[in-house]
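Start counting the sequence shown at 43; every next residue gets the next number (my numbering). Glycine is no exception: its CB is placed at the ideal position from the N, C-alpha and C atoms.
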Amino acid sequence: MISLQEVSKSYPSKDGLFAAVRSVSLTIAEGSIHGIIGPSGAGKSTLLRMMNVLEPPDQGSVIVNGQDLTRLPESGLRLARRSIGMVFQQFHLLHNRSVSGNVSVPLELAGIDKKLRKERVLECLRFVGLEEKVGQYPARLSGGQKQRVAIARALAHRPNVLLCDEPTSSLDPATTAEILEVLRHINETLGVTIVIVTHEMEVVREICDYVSVMEQGRLTDGFALEKRERPG
Ligand code: ADP
Ligand code: ADP
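In structure tokens form, the structure reads like this:
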């Protein structure tokens, strides 16, 4: 499903190149919730951003849905990315667009017609439990509601992979639990493979099937977690 093969990434720094990710190979099982945990600066976010080539690796391949994304031309990459949703710690919502407008953005960029857009926007908002907020603006939402909008936006193209970069790190514990429940629901109901970068062990313990540990640009450990308790 997702396979990274010896991917590396360096950034320019004061003393030459700094290797943020050092020849990492990793396979993420289809339908799983896979955590990547480690200290700040370990390279987790860089690794995640290579999974949709938001950050192009210097070396190595990134296979998602059977395609090596590093070899696709820009047009092919744009199409492939519709199958890979992404959410961020700081939500990255547009403040001059309503809730529905935000969820609609990826559909507008893809040239999806108005009628289908409207259906899809509602479907995604319903899925995250925010349909009553369609006309609201982000400034009037709580942090948890903003993250739900961001998740709905990430689902707009019905992806089969969802990449989450510290999705709960700006949220209090109760809201964190709520967002993790939404992610679990997406995984179980839609079968979406989820990758979560986090520094919070609680998050991993709560929903991950598998966790990789990252330190100083390398994967240093990985283990399966016990089958998680399913409420209801
Ligand atoms: P983590 O997500 O584990 O905190 P990151 O992947 O964000 O780690 O960063 C890994 C290292 O790469 C850090 O030292 C960071 O400063 C550096 N880094 C990340 N992005 C950039 C960038 N765009 N330019 C320069 N250095 C970067
Ligand atoms: P904005 O105020 O952000 O510009 P729009 O009213 O233009 O938002 O709506 C943006 C998108 O959301 C459009 O694609 C529209 O089809 C969809 N949309 C708008 N209102 C609704 C609604 N009540 N239910 C579902 N989708 C809606």
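What is the C-beta distance between residue i and residue j, in whole angstroms, given that I count them as a contact (C-beta under 8 angstroms)?
i	j	result
Arg-123	Asn-94	6 angstroms
Pro-201	Lys-188	Contact flag wrong, Cβ pair sits at about 20 angstroms.
Ala-192	Val-106	Going by Cβ atoms, the distance from Ala-192 to Val-106 rounds to 21 angstroms, so no, they are not a contact pair.
Leu-149	Arg-162	6 angstroms
Val-68	Leu-261	Here residue 68 is Leu; the residue named in the question, Val, does not match the sequence. Going by Cβ atoms, the distance from Leu-68 to Leu-261 rounds to 6 angstroms, so yes, they are a contact pair.
Leu-197	Phe-169	6 angstroms
Leu-46	Met-92	7 angstroms
Could you tell me if the beta carbon of residue i falls within a distance shorter than 7 angstroms of some heavy atom in ligand 1?
i	result
Tyr-252	no
Gly-73	no
Val-237	no
Ala-192	no
Ser-82	yes
Thr-88	yes
Gly-85	yes
Ala-219	no
Phe-130	no
Ala-62	yes
Tyr-179	no
Of all the options the options, which has the alpha carbon lying nearest to the alpha carbon of residue i?
i	options	result
Gln-131	Asp-251, Arg-190, Lys-56	Arg-190
Ser-142	Glu-173, Ile-154, Gly-127	Glu-173
Ser-184	Ser-117, Asp-214, Asp-57, Asp-100	Asp-214
His-227	Ser-212, Ser-211, Cys-250, Met-243	Cys-250
Arg-64	Glu-72, Gly-58, Leu-89	Leu-89
Ala-216	Lys-160, Ala-196, Ser-67, Val-245	Val-245
Ala-194	Leu-164, Ser-117, Arg-182	Leu-164
Glu-72	Ile-154, Met-243, Arg-247, Gly-233	Gly-233
Glu-11	Ser-45, Gly-186, Leu-111	Nothing about residue 11 can be read from this structure; the chain reaches only from 43 to 274.
Gly-264	Asp-57, Val-66, Leu-59	Val-66
Arg-247	Leu-267, Asn-229, Ser-45	Leu-267
Glu-223	Gly-171, Lys-156, Leu-111	Gly-171
Step through the CB atoms of chain D and report whether any lies within less than 8 angstroms of the CB of residue i.
i	result
Leu-89	Among the protein chains of the structure shown there is no chain D, as only one such chain exists.
Inset, instruction - Go through the region 64 to 97 residue by residue and report every complete run of the alpha helix (DSSP H) that reaches 4 residues or more, in order. - result: 86 to 92, all fully within the region 64 to 97.
Legend entry - Stretch pair the region 196 to 210 + the region 233 to 245: three plus CB contacts closer than 8 angstroms: In short, these stretches touch, since the Cβ pair count reaches three.
Inset, instruction - Evaluate contact between the region 249 to 257 and the region 71 to 79, counting only Cβ atoms and requiring at least three cross-stretch pairs below 8 angstroms. - result: These segments touch.
Legend entry - Minimum length 4: unbroken alpha helix (DSSP H) runs contained in the region 194 to 232: Here the runs fully enclosed are 215 to 232.
Inset, instruction - Inspect the CB distances between the region 86 to 102 and the region 47 to 57 and report whether three or more fall short of 8 angstroms. - result: Because the criterion of three Cβ pairs below 8 angstroms is met, the region 86 to 102 and the region 47 to 57 touch.
Inset, instruction - Starting from the N-terminal side, write out each stretch of the alpha helix (DSSP H) that is 4 residues or longer and does not extend beyond the region 236 to 267. - result: Runs of the alpha helix (DSSP H) inside the region 236 to 267: 243 to 249.
Inset, instruction - Note down, one range per segment and in chain order, each alpha helix (DSSP H) of at least 4 residues found wholly within the region 99 to 133. - result: Within the region 99 to 133, the complete alpha helix (DSSP H) segments at least 4 residues long are 116 to 123, listed from N- to C-terminus.
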